[in-house]
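Here is the structure we will look at.
Put into structure tokens, the structure is as follows:
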């Protein structure tokens with residue numbers, strides 16, 4: 001472990017010593033002397049130019065990041081999303097609906113089995129309505145996850161199931177997203193006012209908003225941890 | 001006294017030609033350090049992992065930032081080593097004085113800094129090409145382009161003057177060390193010690209240094225700051241070199 005901790009320093013020292021030996025005139029190392037150094041540079045430069053030409057010529061199957069303009073819009077939408085959910089305006093959040101469940105239910109008491117919100121990862125809302133009889137409905141909404149303007153296509157889905165009188169909501173399969181990003185070098189980012197300072201880098205700057213909206217018949221007794229869900233009363 | 005009058009520009013030109021042919025070791029070291037930088041960059045120059053309960057996002061960045069950083073360091077070290085006695089005495093094979101010798105070294109340094117900066121930026125393509133072909137199929141590729149040609153040219157110019165500025169710093173450090181060899185130990189101790197002392201007093205000089213140069217969004221101001229610093233460092237080097245003994 002100690003060796004690993006000192007590795008960067010050791011590598012840096014090795015680089016400094018190697019460079020000093022290569023440049024130092026009195027060094028006995030013949031490597032890079034005479035025309036060899038010049039030829040090395042020429043060959044290296046040719047290699048770089050060729051790779052630049054190939055890189056620019058091949059059609060890369062990549063996604064160009066669109067930057068912050070799109071994110072700001074998404075940020076606003078996300079704000080509207082939560083406002084609409086809390087007011088029970090489902091027609092306004094229709095575009096973000098991912099999945100819906102419908103369970104026949106004729107009992108008087110519904111047990112809501114959910115984990116705490118911070119563990120579950122989704123926000124649960126419950127609405128009592130006259131529109132439903134002997135049915136429990138659940139809708140899952142999700143606003144996009146954005147990476148500098150790029151909308152992640154993979155959607156998360158919670159595991160919702162009804163067993164007897166218990167509606168269970170558990171976290172679904174965790175989504176592991178792996179990306180490789182080709183960025184520009186820091187001198188190019190120096191004068192890029194839109195993206196801020198040169199140290200700024202791409203991040204998931206806008207997390208998705210989620211909501212599991214459960215509609216139950218009016219008068220149904222819902223039993224569950226009060227901290228795990230929010231009651232909605234659309235006016 | 002010679003009857004033939006020699007022009008300073010002619011001598012400087014000849015000395016640059018000589019240095020170009022003689023100091024090819026600097027090119028070898030440039031290629032070696034950039035290849036090393038490329039090797040380090042293959043692991044990604046940075047990665048970002050953020051996780052929430054439902055998503056676990058991991059982004060690995062590929063940029064030639066490490067190569068550019070290594071090139072800046074190479075510029076510093078090369079300039080530092082060019083001030084050593086073995087290099088400076090070479091100039092006396094020609095008709096020279098301290099002024100022409102320093103001038104030709106500065107021009108030579110500028111030339112190699114241009115080469116270093118250009119190859120460093122070009123190495124970004126090589127890096128991305130390698131990274132692209134070794135990308136596993138399921139991983140997605142995101143790109144963040146430089147933008148237009150003028151942005152590219154501006155970035156290229158910025159890289160050149162950054163490398164040149166650090167070479168001037170290296171040249172100054174080298175010249176100071178030539179005054180007394182003990183300074184090679186004393187100088188870093190004083191600089192680092194001062195930095196620690198000042199940071200204890202709430203004045204982090206290294207942070208101000210980087211903010212002053214690298215958080216400047218205005219291209220004109222950035223150029224002015226960088227070139228002014230370069231001029232000051234070289235002017236100080238000339239002043240220090242005048243304190244050296246004759247043919248030292």
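Chains as they are written, first to last, in full-length UniProt numbering: chain A, 1 to 235; chain B, 1 to 248.
Glycine included, C-beta positions come from ideal geometry on N, C-alpha and C.
It should be emphasised that the depicted structure is a prediction, and the values quoted were computed from it without experimental measurement.
Can you find the residues in the same chain that come closer than 8 angstroms, C-beta to C-beta, to residue i, ignoring five residues on each side of it along the sequence?
i, result
"residue 93/A", "81, 84, 85, 141, 211"
"residue 222/B", "158, 213, 216"
"residue 154/B", "219"
"residue 167/A", "103, 110, 111, 112, 113, 136, 138, 160, 161, 214"
"residue 156/B", "117, 118, 121"
"residue 12/B", "100, 103, 104, 107"
"residue 184/B", "177"
"residue 221/A", "108, 109, 110"
If you drop the 5 nearest sequence neighbours on each side, which residues of the same chain put their C-beta closer than 7 angstroms to that of residue i?
i, result
"residue 38/B", "67, 123, 126, 127"
"residue 197/A", "Unreliable placement is indicated for residue 197/A, whose pLDDT of 41 sits below 50; no coordinate value is reported for it."
"residue 91/A", "none"
"residue 195/B", "205, 206"
"residue 232/B", "none"
"residue 241/B", "98, 102, 175"
"residue 165/A", "107, 109, 110, 111"
"residue 96/A", "81, 141, 142, 143"
"residue 72/B", "162, 163, 166"
So, at 6 angstroms on beta carbons, what are the nonlocal neighbours of residue i in its own chain, with the 5 sequence-adjacent residues on each side left out?
i, result
"residue 100/A", "139"
"residue 159/A", "170, 172"
"residue 236/B", "172"
"residue 88/A", "127, 232, 234"
"residue 250/A", "In the structure as shown, chain A begins at 1 and stops at 235. Residue 250/A is therefore absent and cannot be evaluated."
"residue 55/A", "none"
"residue 154/A", "175"
"residue 78/A", "143, 209"
"residue 199/A", "A caution first: residue 199/A carries a pLDDT of 42, below 50, which makes its placement in the model too unreliable to give a value."
"residue 224/A", "112"
"residue 114/B", "160"
Going by DSSP, name the residue or residues bridged to residue i.
i, result
"residue 104/A", "135/A"
"residue 142/A", "210/A"
"residue 175/B", "Residue 175/B pairs with nothing; no bridge assigned."
"residue 76/B", "Beta-bridge pairing links residue 76/B to no other residue."
"residue 125/A", "213/A, 230/A"
"residue 163/A", "166/A"
"residue 221/A", "109/A"
"residue 147/A", "150/A"
"residue 175/A", "55/B"
"residue 97/A", "141/A"
"residue 236/B", "BP columns for residue 236/B are empty, so no partner."
"residue 114/A", "169/A"
By alpha-carbon positions, which one of the options ends up nearest to residue i?
i, options, result
"residue 191/A", "18/B, 21/B, 218/B", "218/B"
"residue 19/B", "34/B, 31/B, 104/B", "104/B"
"residue 106/A", "225/A, 227/A, 216/A", "216/A"
"residue 44/B", "165/A, 46/A, 184/A", "184/A"
"residue 188/A", "117/B, 191/B, 201/B", "117/B"
"residue 30/B", "16/B, 74/B, 59/B, 40/B", "74/B"
"residue 239/A", "9/B, 28/B, 40/B", "The structure shown does not extend to residue 239/A, since chain A is modelled only from 1 through 235, so no value can be given for it."
"residue 174/B", "164/B, 151/B, 187/B", "187/B"
"residue 224/B", "193/B, 198/B, 206/B, 161/B", "161/B"
"residue 145/A", "230/B, 199/B, 57/B, 112/B", "57/B"
"residue 119/B", "210/B, 35/B, 86/B, 211/B", "35/B"
"residue 179/B", "156/B, 191/B, 243/B, 164/B", "243/B"
"residue 112/B", "42/B, 21/B, 211/B, 11/B", "21/B"
"residue 18/A", "78/B, 69/B, 42/B", "78/B"
"residue 167/B", "234/B, 76/B, 86/B", "76/B"
"residue 156/A", "14/A, 218/A, 122/A", "122/A"
"residue 65/B", "186/A, 15/A, 125/A", "186/A"
"residue 209/B", "200/B, 193/B, 226/B, 197/B", "226/B"
Output yes if chain E places a C-beta closer than 7 angstroms to the C-beta of residue i; else output no.
i, result
"residue 79/B", "Considering every chain present, this structure includes no chain E. Its protein chains are A and B."
Is the segment 120-132 of chain A touching the segment 147-155 of chain A in the sense that three or more CB pairs, one from each, lie closer than 8 angstroms? no
Residues of the segment 139-151 of chain A with a CB closer than 8 angstroms to any CB of chain B: list them in chain order, please. 145, 147, 148, 150
Between the segment 108-117 of chain B and the segment 78-86 of chain B, do at least 3 Cβ pairs fall closer than 8 angstroms? yes
Mind checking the segment 118-136 of chain B against chain A and listing, in chain order, the residues whose C-beta falls within less than 9 angstroms of any C-beta there? 118, 119, 120, 121, 122, 123, 124, 125, 126, 127, 128, 129, 130, 131, 132, 135, 136
Using a beta-carbon distance cut-off of less than 7 angstroms, what residues from the segment 92-115 of chain A approach chain B? none
Closer than 8 angstroms between beta carbons: that is the criterion. Which residues of the segment 166-180 of chain A meet it against chain B? 171, 172, 174, 175, 176, 177, 178, 179, 180
So if I threshold CB-CB distances at 8 angstroms, which residues from the segment 205-219 of chain B count as touching chain A? 214, 215, 216, 217, 218, 219
At a CB distance below 9 angstroms, what residues from the segment 13-44 of chain B approach chain A? Give them in sequence order. 20, 21, 22, 23, 24, 25, 26, 27, 28, 29, 30, 31, 32, 33, 34, 35, 36, 40, 44
Please list, in chain order, the residues of the segment 35-57 of chain A that have any C-beta partner in chain B closer than 8 angstroms. 35, 36, 37, 38, 40, 41, 44, 45, 47, 48, 49, 51, 52, 54, 55, 56
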